[in-house]
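*Asks:* If you're matching positions, the sequence shown starts at 661 in our numbering and goes up one per residue. For glycine and all other residues, C-beta sits at the position ideal for the given N, C-alpha and C.
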Amino acid sequence: MEIKALIFKLAEKYGRKRENLIPILQGVVQEERYISDEAMVEIARQLDISAAQVYGTCTFYSFLNTKPKGKYIIRVCETIVCDMRGKKEVISTLEDLLKIKIGETTHNKRFSLLKTECLGWCHKGPVMLVNDEVYTELTPEKIRNIIAKYKENIN
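#1: Decide if Y732 is buried, meaning its Cβ has at least 16 other Cβ atoms within 10 Å, or exposed.
#2: Taking the alpha carbon of V741 as the reference point, which residue from L670, K669, E812, C782 has its own alpha carbon closest?
#3: In the structure shown, what three-state DSSP assignment does Y694 receive?
#4: Under 7 Å, do G824 and T766 count as touching if we go by C-beta distance?
#5: So that I know if they touch, is there some Cβ in chain C lying closer than 7 Å to that of K811?
#6: Go ahead and pull the three-state DSSP assignment for R816.
#7: Since V689 contacts I695 with CB under 8 Å, what's their CB separation in whole angstroms?
#8: Only counting the same chain, and skipping five residues up and downstream in sequence, which positions put a Cβ closer than 6 Å to that of Y810?
#9: State the Cα-Cα distance for the pair A704 and E698, rounded to the nearest angstrom.
#10: Express the C-alpha separation of L670 and V787 in angstroms, rounding to a whole number.
#11: In the structure shown, what three-state DSSP assignment does Y795 receive?
#12: Mark F771 as exposed unless 16 or more other C-beta atoms lie within 10 angstroms of its C-beta, in which case mark it buried.
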């Protein structure tokens, strides 16, 4: 769907008030995997706010991507609790499997690897999120199985 049509549809669904900015931004990320400059300008136009307000909101929240990401966005919790429970080993395993570093996307645009703040699963750390799916109590073996599953599901 063209970005202008998508944003028009989202503005119709949520309303054209400033307080609906975040649901509209989330809708764009869900469809496009990131919010382009063009999308920010169109959202500002639809909500009658400045593009700077849209940009400020996009860059404040880590889940509102402003750069293209892979089909599967992996977010590893970077809090002290997950660190004490093996976060470094999780990141190392993911980097080895995907052949990318934190903050990068695979050359085929299938996986992006990011750090994030607390995901709310401290009692089951270390934790990662793949798109909307939470994975807890991670080990290198568990990670290998998870990534293999996502590699199999790629069309």
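*Replies:* Taking the coordinates as given:
#1: buried
#2: C782
#3: coil
#4: There is simply no residue 824 to check, as the chain begins at 661 and stops at 815 in what is shown.
#5: Absent from the structure is chain C; it holds one protein chain and no more.
#6: Residue 816 lies beyond the range of the chain shown here (661 to 815); nothing can be said about it.
#7: 6 Å
#8: Y732
#9: 10 Å
#10: 31 Å
#11: strand
#12: buried
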